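Chemist:
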Amino acid sequence: MMSSKKKMENKLDILQTIQKVDTPDGLYERFMEKIERPKLDIIPITWVRIAAASICILICSECFIIFKKSNTNKEQELLSIAPIQNNNLYYE
Amino acid sequence: MEFKEIYSKYNNLIYNLSLQYVQNTEDAEEITQDVLMVIYEKLDGFKNLSDIKTWIYRITINKSLDFLKAKQRRKRSFFFNSSNVDDSYHHNSLSDFNHPGVLLEQKEAIGIIFKAINQLRDNQKTVVILLKIEQKSYAEAAEIMNISAKAVESLFQRAKNNLENILNGNEGK
């Protein structure tokens, strides 16, 4: 009775029937074209991500500052409408 | 040795080895181009021309495995919300299997085996490809993989066990 090891070996033997094929035509020419083409200045994706994150942080901080300013202005407006009474003459 | 000379001598080796990893001509061509680029750039610094074949084997294996990992990452990021992500590289169905070196009458049988091989870990996959498809000896495979012959034997044994489990699991379905 064939062991499972041998069975597996036999199954894998079929892989030996795979034939070698030739490289596609023009592969060398395409490769040399790639070499000779001037290299584009490609910015690494890491730098793009850093720049995008910086812009987001800048915009968020700007929004935060504007929001804070508008709240401060509202407080000042309220204060100007209702002045603090500091008249000791009417103190009882 | 000039680059063109190296290309003439080894282009089929690189292309066919890549094919064993990706099983389609388009991806194999892309990997071949990447390998050629490495050879082109590093050839001047490569002194030991007697080992050039081993060197080319190593570059091709590494580039093929890198290609598979990159493709898997792209697939995962595209389907990151899906709960049905399949961890195997590709050809979930035999109709996707398109290895040009496989005879038509053996396409189904070999397709099933490759589907199992694709699920192995990198080093086990490499051992199976080198020993069974490239028909290297244990010593040759050991030199290419930069490990001992004993380690190759051990890896091959584990690969066979895993393949058996995968194939038996599929047969049960």
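Which chain is which? The protein sequence lines are L and C, in order. Going left to right, the first sequence walks through residues 975 to 1066 as the working numbering numbers them. Going left to right, the second sequence walks through residues 174 to 346 as the working numbering numbers them. Even glycine gets a Cβ: it sits at the ideal position worked out from N, Cα and C. None of the values given here were measured: they were computed from a predicted structure.
Do Ile988(L) and Ile286(C) count as a contact pair if the criterion is CB distance below 9 Å?
Modeler: Taking 9 Å as the Cβ cut-off, Ile286(C) and Ile988(L) qualify as a contacting pair.
Chemist: Taking the alpha carbon of Asp217(C) as the point to measure from, which residue in Ser181(C), Phe176(C), Phe240(C), Asn184(C) has its own alpha carbon closest?
Modeler: Of the listed residues, the one whose Cα sits closest to Asp217(C) is Phe176(C).
Chemist: Against Gln993(L), what residues of chain C qualify as contacts under a CB-to-CB distance less than 7 Å, listed in chain order?
Modeler: Residues of chain C passing the Cβ test: Gly274.
Chemist: What are the uninterrupted segments assigned as alpha helix (DSSP H) that are 4 or more residues long and contained completely in the region 306–345 of chain C, given in chain order?
Modeler: With a minimum length of 4 residues, the continuous alpha helix (DSSP H) runs that stay inside the region 306–345 of chain C are 311–318, 322–344.
Chemist: Does the Cβ of Ala1027(L) have 16 or more other Cβ atoms within 10 Å, making it buried, or fewer, making it exposed?
Modeler: Flag for Ala1027(L) reads exposed.
Chemist: Taking 8 Å as the limit between beta carbons, can you name the residues of its chain near Gly274(C), skipping five residues before and five after?
Modeler: Taken in chain order, the residues that qualify are Asn189, Leu192.
Chemist: Beta-carbon within less than 6 Å of Tyr213(C)'s beta-carbon, same chain only, minus the 5 sequence neighbours each way: which residues are those?
Modeler: If we look at Tyr213(C) and ignore the five residues flanking it on each side, its Cβ neighbours are Phe176.
Chemist: So, does the CB of Asp999(L) fall closer than 9 Å to a CB anywhere in chain C?
Modeler: Output row for Asp999(L): interface = no.
Chemist: Does the beta carbon of Ile988(L) come closer than 9 Å to any beta carbon on chain C?
Modeler: So yes, Ile988(L) belongs to the interface.
Chemist: Quick one: is Asp260(C) buried, meaning 16 or more other Cβ sit within 10 Å of its Cβ, or exposed?
Modeler: With a pLDDT of only 46 at Asp260(C), under the threshold of 50, the placement of this residue in the model should not be trusted; the figure read from the coordinates follows. That one is exposed.
Chemist: Which residues in the same chain have their Cβ closer than 7 Å to the Cβ of Pro1018(L), if we skip the five residues on either side of it in sequence?
Modeler: Cβ neighbours of Pro1018(L) beyond the five flanking positions: none.
Chemist: Would the region 194–209 of chain C count as touching the region 997–1011 of chain L if we require 3 or more Cβ pairs under 8 Å?
Modeler: Touching, per the Cβ criterion.
Chemist: Comparing the C-beta of Glu1051(L) with each C-beta of chain C, is any distance below 9 Å?
Modeler: No, because no Cβ of chain C sits closer than 9 Å to the Cβ of Glu1051(L).
Chemist: Cα-Cα, which of Gly342(C), Glu316(C), Leu277(C) is closest to Gln993(L)?
Modeler: Nearest of Gly342(C), Glu316(C), Leu277(C) to Gln993(L), Cα basis: Leu277(C).
Chemist: Which chain B residues are close to Tyr188(C), counting only those with a beta carbon under 7 Å from its beta carbon?
Modeler: Of the chains in the structure shown, none is chain B; the protein chains are L and C.
Chemist: Using only the alpha-carbon positions, how far apart do Leu328(C) and Arg1004(L) sit?
Modeler: Each residue's alpha carbon lies about 38 Å from the other.
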